[in-house]
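Per full-length UniProt numbering, the sequence shown runs over residues 1 to 395. Heads up, the beta-carbon is just placed ideally off N, CA and C, and yes, glycines get one too. To start, the structure itself, in structure tokens.
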Amino acid sequence: MGMNQTPASERIHIGFFGRRNAGKSSVINAVTGQNLAIVSQVRGTTTDPVYKTMELLPMGPVMVIDTPGIDDEGELGALRVKRSYQVLNKTDVAVLVVDGSLGKSREDEALIERFRKKEIPFIVAYNKADQCKEPAAVKENEIWVSAKDGSNIRELKEMIARQGSKEDKERRIVGDLIKPSDFIVLVVPIDKAAPKGRLILPQQQTIRDILESNAVSIVVKENELKNTLNQLGKKPALVITDSQVFDRVSEDTPEDILLTSFSILFARYKGSLKDNVEGAKCLETLRDGDKILISEGCTHHRQCNDIGTVKIPGWIRKYTGKNLEFEFTSGTEFPDELGEYRLIVHCGGCMLNEREMKYRMSCARDQKIPMTNYGILIAYIKGILERSLKPFPEI
């Protein structure tokens, strides 16, 4: 990924919902000015959520999501409706497209109730205004539009932008912890799992945040850290490491230098650091036969010594001395029912937006299942969690 590209996880996610043939896809095409979605008179043309990253003025980088109809029928239709509802877990702004010639249906009203329950800013767009001689009055967050002749499409985009600005909070990965001209040392192992020719997303985003803070980033491999610190001539403000080499980096970093990991920074960035720290303590209460879910937000080809499926289960078994079961999910897969698990270990969530990470965290919290992440778990097992949390005195 180039440094000038906005990751999907950092884009405002705009979900378009509605009944079949309400005109969702047509409205999306009108709003974006592109033929992003297939338009057809056949009911249920959109069978799976369709994601498209793009620049949408006046908002900037966004993720537009077209969803299946919420009134789909039959066994397959029920699965499509479920997929639409799952999109809500990552939606920052929802647009409910209603067939203006028919008005709201019970499915529309039920979806609005879900928006409110999940505290998702939403807009109701009554489509097909061109077919209504005198459109009825609407509420503040409602608008009449016509995908056919373009009526009020610009106004709809402005409404979406206003709702999106409420979600666009100023969050920093590391910028609020450092000052201009500070030296920040990043420890990045280059092994079989490292993507050829580039750094992984958390590393790129952290470097970008350091640059935006007018600080200096120095990137080294773990076997070069000690020599680099000796040659700097100035004590770095912070050392940030990949979790897999946490113990070695801790040994090579003097105690008077703050140390943390990319995973810990991203837990804080996604709003789940405190819960994740508490979740790691569950290791002390695990018993033989307990089941642990290890979940990743991305999908990738797993190497022979993969951290999620090999290293972390091995470290947990060695630390606890227990005979444990492990299950694994990746990408958009995350179980609704978590009761069978004694602990959830999640990746840093760099590919998931803040809303989806908070949803997963709230699912675990509501079902009283402890949840932690890779870096925090590793730091706890290695006995260096307390040190790695010193940059965050509030924790």
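Within the same chain, and ignoring the five residues on either side of P236 in sequence, the residues whose Cβ sits closer than 8 angstroms to its Cβ are D182, F183, I184, V185, I218, L229 and I257. The beta-carbon distance between R342 and L286, rounded to whole angstroms, is 6 angstroms. This is short enough to meet the 8 angstroms contact definition. Contact between the stretch 354-369 and the stretch 272-289 is present: three or more C-beta pairs spanning the two stretches fall below 8 angstroms. In the DSSP assignment, S261 forms a beta bridge with T241.
Taking 8 angstroms as the cut-off, the beta carbon of I65 is found no closer than this to the beta carbon of V81.
For N127, the secondary structure class from DSSP, reduced to helix, strand or coil, is strand. Within the same chain, and ignoring the five residues on either side of V62 in sequence, the residues whose Cβ sits closer than 7 angstroms to its Cβ are R11, I12, I14, M54 and L56. In the DSSP assignment, D99 falls within the unbroken beta strand (DSSP E) covering V93 to D99. Within the model, the alpha-carbon separation for A8 versus D247 is close to 32 angstroms. For a cut-off of 8 angstroms, the C-beta gap from V249 to L225 is around 6 angstroms, short enough to register as a contact. Going by beta carbons, G348 and N373 fall inside the 8 angstroms limit.
Taking all protein chains in view, the Cβ of N214 is surrounded by fewer than 16 other Cβ atoms within 10 Å, so the residue is classified as exposed. Contact annotation: V98 and V138 have beta-carbon atoms that are not nearer than 8 angstroms. E325: not part of any alpha helix (DSSP H); member of the beta strand (DSSP E) spanning E325 to T329, first to last residue.
Closest in alpha carbon position to K382, among I312, E75 and C132, is I312. M63 is bridged by DSSP to H13 and T53.
The three-state reading of DSSP puts S217 in strand, counting E and B together.
In the structure shown, the three-state DSSP call for I200 is coil. If you draw a 10 Å sphere on the C-beta of L88, you find 16 or more other C-beta atoms in it, and that means buried.
Distances from the CA of K281 to each of Y319, I307 and C298 were compared; the closest alpha carbon is that of Y319.
Apart from the 5 residues on each side of it in sequence, S243 sits with its Cβ closer than 6 angstroms to the Cβ of S261, S263, Y374, G375 and I378 in its chain, given in chain order. In this structure, DSSP gives K322 a state outside helix and strand, which the three-state scheme calls coil.
When only Cα atoms are considered, R106 and E73 end up about 15 angstroms apart. Rounded to the nearest whole angstrom, the CA to CA distance from F115 to V93 is 9 angstroms. By the Cβ neighbour-count rule, S101 is exposed, with fewer than 16 other Cβ atoms within 10 Å of its own.
Boundaries of the alpha helix (DSSP H) harbouring L225: L225 to Q231, taken from the DSSP string. Here the alpha carbons of L259 and L177 stand approximately 12 angstroms from one another.
For E142, the secondary structure class from DSSP, reduced to helix, strand or coil, is strand. Closest in alpha carbon position to D252, among L265, A267, V220 and G279, is V220. Approximately 38 angstroms separates the beta-carbon atoms of K291 and E255; this is outside 8 angstroms, ruling out the contact.
P393 counts as exposed, since fewer than 16 other beta carbons sit within 10 angstroms of its beta carbon. If one requires a minimum length of 4 residues, the alpha helix (DSSP H) runs lying completely within the stretch 338-374 are 354-366, in chain order.
Closest in alpha carbon position to M351, among G69, A129 and K90, is K90. Taken through DSSP and simplified to helix, strand or coil, S272 comes out as coil. Ranked by how close their Cα comes to the Cα of E333, the residues L293, D366 and N305 have L293 in first place. The Cβ neighbour count for Q231, taken over all protein chains shown within 10 Å, is under 16; the residue is labelled exposed.
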